[in-house]
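Engineer: This is the structure, below, for whatever I ask next.
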Amino acid sequence: MANCSLPSSSREKALEQTRRTQTFTQHHTQSVKPNPIQMLMRDAPPDFKYTKEALFVHINLLWGMLTPEAIPLAPEKQLLKELYQKFSSVEEVQSVAQNSQGVQLINESQVQTLRNAHSGKEK
């Protein structure tokens, strides 16, 4: 025990410094925010993760930070015609989107940008 060889006052100072450092470290890692209006992930609801991912994708898109291969090609004209024939109003699109028995046309894991966001390659 190295502290035992110190004089009593030095030992007390060293202990006090250790306590202050531990308290400071615990306090700063748990509750201090660089900005008072900053939101920490521990304060967010569990389903906020998806909102955060969507927000980051949109920010990257707006700031031109997406890689060229992440941007899909324009759809074929025949596909667009089929889409326009199937859906002629917003209500039709919403009813299909809300139908829980509807088939998922595109698997979420096949969307490259979402796959990168889920794997942490994009923020």
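Numbering (the UniProt record's numbering), first residue to last: 1 to 123. Ideal Cβ positions, reconstructed from N, Cα and C, are used throughout, including at glycine. Every value quoted in this text rests on a predicted model; they were computed, and no experiment measured them.
What would DSSP say about S89, mapped onto helix, strand or coil?
Structural biologist: Coil at S89, not helix or strand.
Engineer: Is it true that the CB of L40 sits closer than 8 Å to the CB of K49?
Structural biologist: no
Engineer: Tell me where the alpha helix (DSSP H) around V57 begins and ends.
Structural biologist: 48-62
Engineer: For V57, count the other beta carbons within 10 Å of its own beta carbon; 16 or more makes it buried, fewer makes it exposed. Which is it?
Structural biologist: By the C-beta density criterion, V57 is buried, having at least 16 other C-beta atoms within 10 angstroms.
Engineer: Could you check the C-alpha separation between E69 and Q38 for me, to the nearest Å?
Structural biologist: 33 Å
Engineer: Could you check the C-alpha separation between E92 and E82 for me, to the nearest Å?
Structural biologist: Just so you know, the alpha carbons of E92 and E82 end up roughly 14 Å apart.
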